[in-house]
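S.K.: Here numbering that gives the first Met the number 0 is used: position 93 in the sequence shown is 92, and no number is missing along the way. For glycine and all other residues, C-beta sits at the position ideal for the given N, C-alpha and C. Just so you know, these numbers come straight off a predicted model, no measurement behind them. Below you'll find the structure I mean.
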Amino acid sequence: MLTAAAVAALALMSVTAVPTAAAPSQPTVVDATPCTTKWKVTGKKVAVRMPKGDAPVASSNSPVVRYLHRGDVVTSCVEAIARTQSGPAYRKCGRDGHVWRIVRGGQVPATCLNRA
C-alpha cells in the first residue's frame, strides 16, 4: 500500500516527465516524393471501380467509375487486399486474384495490370 508521500512523489515525477511547451522541437521530415510507379493495362476493357459505401476494397459488384483499355498506362503505388472466406475475390483478365491496385478514380484488379 502506498503512503501519501509516495503518491505525492509519483504525481510529481509524472508532472516533471512531461515536456514543456517552451522546449524547442525538431522539425519532422516527411517523405513527400510523388508516386511514379507506372502500370500498363493488359485487359481488353477493364473497369475502374469505386468501393460501395465505406468499404475499403472494391468488389466485382462495385459501381464502375470509368474504363481503361489495353495499352493505357496508369500510376499506382498502393494496393488493396480483398479478404474472402474461401477462394479468390475475383476472376478478371483470365486469372483469379485478390489484389486491387488503387488508381485515380477508383480501384483496378491487379491481374489486369503489368509493370510498365
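Only counting the same chain, and skipping five residues up and downstream in sequence, which positions put a Cβ closer than 8 Å to that of G96?
M.R.: Contacts found: P87, A88, Y89, R90, P108, A109, T110.
S.K.: DSSP has Q106 in a bridge; who is on the other side?
M.R.: DSSP, once it has assigned bridges, lists R48, I101 as partnering Q106.
S.K.: Could you give the residue range of the beta strand (DSSP E) that holds V56?
M.R.: Counting along the chain, V56 falls outside any beta strand (DSSP E), and DSSP gives it neither H nor E.
S.K.: Taking the alpha-carbon positions, what's the V14 to D53 distance?
M.R.: Since pLDDT at V14 reaches only 45, below the 50 mark, its modelled position is unreliable, and the value read off the structure follows with that caveat. C-alpha separation (whole angstroms): 41 Å.
S.K.: Going by the DSSP bridge assignment, what does K91 pair with across the sheet?
M.R.: Answer by DSSP bridge pairing, in chain order: R94.
S.K.: For A8, which residues in the same chain have their Cβ closer than 7 Å to its Cβ, ignoring the five residues on either side in sequence?
M.R.: Note on A8: pLDDT 49, under 50, position unreliable in the model; the coordinate value appears next. None.
S.K.: For R48, collect the residues of the same chain with a Cβ closer than 7 Å to its Cβ; drop the 5 residues on either side in sequence, then sort them by chain order.
M.R.: Only A57, S61, P62, V63, V64, G105, Q106 meet the Cβ criterion.
S.K.: Sort out for me which residues DSSP pairs A115 with in a bridge.
M.R.: According to DSSP, A115 bridges with nothing at all.
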